[in-house]
Amino acid sequence: MISNITPHNATHTSLSLLLFLVLLVSQSLVKASSPNDGPPTTTVIDILSENAEFSTFLLTLQRSGLIESVNDLANFTLLAPINSAYSLDSVALAPKLSLHDLNRYIISEPLVSSDIAGVKISADMNQSPILLDYTTDIMMIDQATVVEADLEARSQDAVVQGIDILLQERPNLCTVLRTLFDGEETKSFSKILGSDCLTLENVTGLIPLDSVSLFDEHEISYLLTHEGKEDRELFLKSHFLKGYIGGVLEGDESTYQDLLNQTVQIRSHQGGQLIQFENFTTDLTNYPSYNTLLHFFNESILPDLVHITPRKYLLGLNQSDFVQELDFRDLSYLIDDSSINQTIFVYPSSEDSVRDIGTMGVHKNSLMYQFVGEKVDIHTDRLVDSKFCGGKLGKNCQRIKISSFGDDGSFLNNHVYVHHEKYEADNTVIYLIDDNLTLPPRLEVSVSPFLGCSKALRYLKDFSLLSLPDNKQGYTVFLPCYDSWKDLGLTLKYLQSNSTAMKMAMQSLVLNGLVYSDFDGTSNLTSIGGSKTQVKSSIKDECMQINNVNVQVEHNSDVLFAQGVAHAINKFVFPDDLEITLKNLVDSTDSELFSKVMELTNLTYIFDSGQDYSLLLPTSRSLKIDNITTTRDIDYLEKLVKLHILPGDAAEKLRNCESKIPTLLNGTHLSCRELSTGNYMLQIVEGLDHEVRVLQHGFTTSPNRTGMFLIDRPISPRWLENPDGDGKLRIHLPGFAIAIGVIIGMITLLLLILCCLVLSAGKNKSFDDDDGERDPLVSGASTIPGSPRTPRPYAQHRHGQGNRQYGAATTIQEEIAENTAFNETGYSGNASTKPIEVSREG
C-alpha cells in the first residue's frame, strides 16, 4: 500500500499513518491495563481509526472539531466516505465540515443491510429524506454505493456504512419541480405551489403531472388571486402527507394523514418501487428533495376538492369588475349556481385600466342580456333567447343574433365580434367579445343603411310608427326595402296622394306579437291599425307568407330592436281592408284626356263592372301629339280605347312580358319585348311594326292584381294591318307636307330649265368687248312664278259615322280647342312636319 504512494503526497500520507498508529497503540494499552473489565467497547471513531479507507474522512472530522459530536451520538448510522471519494490532490485540503454538513452523513437510526429489503426511506440528522435501496446485490444510499457495509459500533448502538462518493446538499422542492422532467411536466403544480415550496418540511408530495390537466391556465390564475386563496390551500394540503412515506411500507395497507388531517390509504409494491394511492398506482416514486419526498402521478388521484364555478372562472379570466357588478345588481346566483346551463358573453376589462360603472352598463337588464339560457355554438347562424325577459316584450325574452362567417369569425347582432376560444365551468360556457353587448336600440337605429329601408322608415316616422306604445308582447315590423318601393310605381303615387290609404298601408306592416325568421308554422296577428294579418313561415324555403303573399325572409336576417324584430322584405304587402282600385290609379295620374275619351265611348264601365281589367294609359301630351283631340270618328276612338284595355289575366301576361297579350279589341293582341335596361316595349301582333314603351306601372289590391301601365304614346288603330277590311293600303299625307312637296318639285323643274338654257347658250359664244367679258345670261332679276300655298287640312279617316248614338263628336274639340295645333317637336325633336300615315285602300 505504501509503495503506491507517490513522492508528491508522501508527507501527507505519513501524517495519516502516524495518527492511525497512535490511536492503535492507545487502544492496545487500554486493553492491556484492564484485562478484567469485560468485553471491549467499540465506537464509531474506533471503526474509522481501524480502517485506513476512512482516514481522510477521519482527518476531516478532526480538523472540523466534530470528533466529540460524533462520540456524543447514539442509535445512528454514519455514512463514511472512503478515501477514494476524495480526489488525491484534495486529501490535505479536504474542506472542513460544519455540523450541518456532518448531519447529512448521519441517519437517525442504526441500519444494517439486513434491515433493508427493497427500498427504504429514512431521514438524516437534518430531517432530509434519504433513500436506501437494496433491491439488487448492491446496496445504494441515495446515489452512493455502499463499499464497506455494516461496521457496527456497539458502544454507541451505531453502524458505519462506507460509501464511495461524497453526499451533496439536496436541492429544495422548488428546484426539484423546476428541473425534474426538464420542468415540462410540473409547470402547473409549481405555479400553484408558488413560494410555499420553500416552507414545506418533512412531508410527502403526491404530485399530479401536467398531463393530468387538473386546471387550465385561467383556473390556475383564479387560485393565485386573493379570492382563490382558500381553494389553493385546500388543493395543496390535500396533496401533501405528513412525514416521509415511501419505499416498503409496513403491512398490506397503511393509513396516513394529509395536511388537512384527512386519512388516506397507501400501499407499496415491488419492494417499494411502486406506490399505490387509493386505486391509483405509479412507478414515478421516491424522489427526494431537501425537505420533501415526492411521488408523481399521471392520473387525477384526489377528489375534486376545488370546485371551479362560473364565478371562479370569471375571476381567473380577470373579470373581477364584471363579477362585482353582478353582485351589486343581486345577480350573483347566475355565476354561483353550477347546475344552470347557460352561456355568458363577456367584454373583457382593460388590463391597464379599471372600467368604471358607466362602462360596465348601469342597468340590470344590460347584464341579463349577456346571459343565454343554454350552451351556445357560435359557429352556427341562429337566434338565441337572452335572460333579459319581460319589459316591452311582455313575457318574451330579448334575443341575440349569432352570425358565423367561417374563418372571419362570429358576430353578435351583426357588430360584436366573438372570440372563438370557449371556456367552460360546470354547465356554463363563457365567450369573450370585443365590444359591449348592449340591448338592441330603437328601430331606426337598428336598421342598417345597407338594407335600403330609409323610405320605409321615413313613412313610419311620418305616421308616428317609430314610437310604438307598450303592448306587452312586442312587435314584428315588415319593412319594404330594396326595390319594393320602386316596384309600386303608380300605386305609390296614389298612396302619396291619399294620406289615409298610406297610413293604413304602413300600419298594416306593424304587427302585435313576435315572428322571427326561425319561426315555422302559422300565426294570426293583428296590426297596430287593427287589421288582421296571417303570417306563415317556412324555415326550409326561407320565405314567409303575409296574407298569402310570398315575401323572401332569409334565415337569421332578423333586425332586432328594443320592442321586437323587423324584417326587410322585397315587396310591399297591402292589408285586406285597404282597397286600391283601377279608378284610384287612373285618377292619381295625368289621365284627364284619356278619361274623357273613355266617357265619350262609354267604356268607363270597366271601373265598376266587378270584372278584372287593366289599362294601358298614354299620357295626355302624347294624345295631343297624335291629334286625338281633332278626331270626330267615334268608331276610331272606341278602337283606340279598347286597344288600351287588357281583360282578365292580361296584366299578369304583361308582367311576364309574354308574346301574346289580349286586348279588349276583338282579335287584337299585343306582344312584349324586354330591353336590356329592363323596360318593356309593346306592339300590335296583328299590326304594323310600331312600338310603345311602358314607362311605369301600378297595381290594384284585387286578388288578381290588375293594374295600370303608363305608356309613352297611344297605340293607334291605324297600326292594324287592315283596319277596314278592304285590303287596300292608304296613304294619309298632311296638307302642309303636300304643299312642301309641290314647292320642291317646282324648284327642281325651274333648275332643270336654267341648266338647259346655260347649255344652249354655251354653243353660241359672243363677247361684248376686247377683254373677253361675256354678256349676262339674264339681264335682270327674275322671279319664280307662283304664290304661297295654303297647307291642306289633315287627312281624315273614313270610319263609319252617323248611326251610333254617342253624342256630338265635337265635345272634345270644343273643350280643348286651344291644344289642337299640331306640335311637330312633340313627336320628335328633329321633326318639322307631321309623319306620313299609311293605310290600305280598297
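Read in order, the letters of the sequence shown correspond to residues -32 to -1, 1 to 810 in mature numbering (1 follows the signal peptide of the UniProt record, and there is no 0). Cβ atoms here follow ideal geometry from the backbone N, Cα and C, with glycine treated the same way. In this text, all values refer to a predicted model and were calculated from it rather than measured experimentally.
For Gly86, the enclosing beta strand (DSSP E) starts and ends at 86 to 91. Taking a cut-off of 8 Å on C-beta distances, the segment 234 to 245 does not touch the segment 192 to 201, as fewer than three cross pairs fall below it. Judged by DSSP in its simplified three-state form, Glu522 adopts coil rather than helix or strand. Excluding its 5 nearest sequence neighbours in each direction, Met472 has C-beta neighbours in its own chain below 8 Å: Gly497, Ser499, Pro543, Asp545, Leu546, listed in chain order.
Within the same chain, Cβ atoms closer than 6 Å to the Cβ of Thr103 are found at Gly86, Gly239, the five residues on either side in sequence being excluded. Cβ contact annotation for Thr572 (same chain, cutoff 7 Å, sequence separation greater than five): Met566, in chain order. Nearest in C-alpha terms to Gly162, of all of Leu285, Ser179, Thr193, is Thr193. In the structure shown, Glu120 adopts extended strand secondary structure according to DSSP, grouped into three states. Excluding five sequence positions before and after Asn51, the CB atoms of its chain that fall closer than 7 Å to its own CB belong to Glu21, Ser23, Thr24, given in chain order. In this chain, the beta strand (DSSP E) harbouring Gly675 covers 675 to 679.
DSSP, reduced to helix, strand and coil, places Met107 outside both helices and strands of the structure shown, so it counts as coil. Sixteen is the threshold: since fewer than 16 other Cβ atoms of the shown chains lie within 10 Å of the Cβ of Cys724, the residue is exposed.
Take Asp558, set aside five residues on each side of it, and the residues of its chain with a beta-carbon closer than 7 Å to its own are Thr587, Ser588, in chain order. Apart from the 5 residues on each side of it in sequence, Gly635 sits with its Cβ closer than 8 Å to the Cβ of Glu654 in its chain, given in chain order.
For Pro278, the enclosing alpha helix (DSSP H) stretches over residues 278 to 284. Around the beta carbon of Phe373, fewer than 16 other beta carbons sit within 10 angstroms, so the residue counts as exposed. His207 counts as buried, since at least 16 other C-beta atoms from the protein chains shown sit within 10 angstroms of its C-beta. Considered as a whole, the segment 164 to 221 harbours 185 to 191, 197 to 206 as its complete alpha helix (DSSP H) runs of no fewer than 4 residues, in chain order. Bridge pairing for Arg350: Ile370 [DSSP]. Sorting Tyr255, Ile234, Asn259 by C-alpha distance to the C-alpha of Asn247 places Ile234 at the top. By the Cβ neighbour-count rule, Val413 is exposed, with fewer than 16 other Cβ atoms within 10 Å of its own. Sequence-distant Cβ neighbours of Cys357 in its own chain, meaning closer than 6 Å and more than five residues away, are Cys365. Cα atoms of Leu436 and Ala534: separation of roughly 13 Å, rounded to the nearest angstrom.
Partner residues in a beta bridge of Ser307, as assigned by DSSP, do not exist. By the CB criterion at 8 Å, Thr260 and Leu182 fall outside the cutoff.
Two segments are said to touch when three or more pairs of C-beta atoms, one from each, lie closer than 8 Å; by this definition the segment 481 to 495 does not touch the segment 451 to 459. Membership of Thr147 in the alpha helix (DSSP H) is indicated by the continuous run 141 to 147. For Leu47, the three-state secondary structure derived from DSSP is strand. One thing to note: Thr494 has its Cβ no nearer than 8 Å to the Cβ of Asn515. Distance check between Ser268 and each of Val180, Gln225, Val274 places Val180 closest, using alpha-carbon atoms only.
Taken in chain order, the complete beta strand (DSSP E) segments of 3 residues or longer contained in the segment 617 to 677 are 637 to 642, 648 to 652, 660 to 667. Between the segment 304 to 317 and the segment 393 to 402, the count of Cβ pairs shorter than 8 Å is three or higher; the stretches touch. If you ignore the 5 residues before and after Ala530, its C-beta comes within less than 7 Å of the C-beta of Lys360, Leu407, Pro408, Pro409, Arg410, all in its own chain and listed in chain order. Annotation for Glu392: the continuous beta strand (DSSP E) segment containing it runs 391 to 393. By DSSP's assignment, Asn492 forms a beta bridge with Gln502.
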